[in-house]
Amino acid sequence: MDKRRNSKGGQRSRRGILLDDDDDARGDSQNFWGPCRTLHDYFIDLSGKRASVREEALSTILKALTLNIEQKFVELNFVTLVYQCLHFIKKGSPTEMKQAAHIIGLLSMITTTVEKVHEAYEDVLTALSQGGLKPKLKTLEILGCLTVVTFFGASNSDETESVMKLLWDLINPGTDSSIERKDSPAVLTAMISAWSFLLSTIDGWRLSHKNWQGAITYFSNIIDSDDEELCAAACEALALVFESNCLEKFSSATKDSNKELKDNIIKQLRSRLSETGNERISSQDPRTGFNSASAALDFLEDRKCANTHVTIGGRKLILSTWSQKVQLKFLKHFLRNDGFVKHMMENENFHNVFDFHPKRRNDWGNVLYVPEREEVTILLFRPMVARHNDCSLLPSLTRDKQLAKKKTMSPNSHLSKARTQLLKKQRDLSLKEREFDCFDY
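My numbering applies: residue 21 is where the sequence shown begins, and numbers increase by one.
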């Protein structure tokens, strides 16, 4: 028994030594920092049983997709990731729910496959339209997820407008007693910004005549709010409404009444801006570089949107419409500043949305792919010349070969004469040897 125990113990110790030797072979750096993990490893961890492991995996994937364009990873795992994230939204912890919602939004803005992102739009809308999950729409991350997926995944204006209607029922419940109006200013601001973001993608003539009646009156009432961000969101929504040139779809009043309503909005904006002491000096939005209330006042007075620009990667992005300004502000808020710059520089979907083409850089640093000089290539025609056996026309190398051949193979060459003399001497010697052999007999 003791021998068995000792032998087993010795086997265990030997196994331990082997494992230690294995670890040593991996290098001291990996023993200190641990094995290098890939996105695929964290993708597998999403199916783990421990909540802490899942949350770490979601956090890592979220950071990777925000700060890098992991195109290959997204295309290979898009469908599975969307379904896993939807599961976390339905049954996960609050942390898992928020991270998963943000990841779905990132997936939809990275993939270049139209069918995949449209399928994600349908799945997300179906899940969040259910009665049990509808209250979660007031979670900022889920609200952003639905909005971004609709922006990139909706195939027509009707699909976009259906999500806008879902948001509008939360913004302005009206007589619907099933929805309580207890939203904080931050949540209401996010919902109005999401609604405006989707409105910026639809031409005014495509909008429904019955869904948005009373919208102008509603937003004009919010202008007097004490919350600056809520007021800015209302100003942006009003600017988009007037930019659409379809006021009859947002108000049931006549043209004269709409003009009076517009004059009242201008008075409200002037009054609000005058409270700061100067109509043109007010706090600017750090994400867009302009003040929404002041810009909206200028637009309503002059019917012209002032051009603004944002510098990204050394190149200016001109914003000439309210739609562009609202889209940039929303996406920059969703990605934060570092993520937005990265996606603007490398994400093809962003290039198409903003018609932005960044400067390409090579692998050696900040060197542009611009030629330092221009070169001209000239093609010359050189006719073929028959050379026959004239050694004077041959290249020097061929001429040398001919001379060497003449010296070695010609019967009159010195080498041939020397060879003949040598052979003659050898014959003479052989004859003399034969003569001596004869005398021996």
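In this text, a Cβ means the ideal position worked out from N, Cα and C, and glycines have one as well.
- [ ] For ARG226, name the three-state secondary structure that DSSP assigns.
- [x] helix
Open item on the list: Would ALA147 and LEU106 qualify as a contact pair, given that the criterion is a beta-carbon distance under 9 Å?
Closed with: yes
TODO: May I ask you to list the residues that DSSP assigns as paired with THR80?
DONE: DSSP, once it has assigned bridges, lists no residue as partnering THR80.
Open item on the list: Suppose you measure from the CA of SER197 to the CA of LEU190; what does that come to, to the nearest Å?
Closed with: At SER197, the pLDDT of 41 sits below 50, so the modelled position is not reliable and the matter cannot be decided from this model.
Task: Three-way DSSP call (helix, strand, coil) for ARG447 in this model - done: helix
- [ ] Count the other C-beta atoms from every protein chain shown that fall within 10 angstroms of the C-beta of LYS118, then say buried if there are 16 or more, exposed otherwise.
- [x] buried
- [ ] Return the CA-CA distance between ASN284 and CYS255, expressed in angstroms with no decimal places.
- [x] 13 Å
TODO: Tell me whether THR132 sits in a helix, a strand or coil according to DSSP, three-state version.
DONE: coil
Task: Alpha-carbon spacing of LYS16 relative to GLU75, whole angstroms - done: No answer is possible for residue 16: the residues shown for the chain start at 21 and end at 461.
TODO: Following the continuous alpha helix (DSSP H) through THR180, name the residue where it begins and the one where it ends.
DONE: 177-191
Open item on the list: Checking 9 Å against the spacing of the C-beta atoms, do HIS122 and GLU161 come in under that value?
Closed with: yes
Open item on the list: Rounded to whole angstroms, what is the Cα-Cα separation between THR167 and LYS349?
Closed with: 13 Å
- [ ] Along the beta strand (DSSP E) that carries LYS336, what are the first and last residues, could you check?
- [x] 335-339
- [ ] With HIS329 as the anchor, note down where its alpha helix (DSSP H) starts and where it stops.
- [x] Where HIS329 is concerned, there is no enclosing alpha helix (DSSP H), although the beta strand (DSSP E) it sits in stretches over 328-332.
Task: Exposure label - ASN386; buried when at least 16 CB within 10 Å - done: Caution applies to ASN386, whose pLDDT of 48 falls short of 50 and renders its modelled position unreliable; the value that the coordinates give is listed next. It is exposed - the Cβ of ASN386 has fewer than 16 other Cβ atoms within 10 Å.
Task: Exposure label - LYS269; buried when at least 16 CB within 10 Å - done: buried
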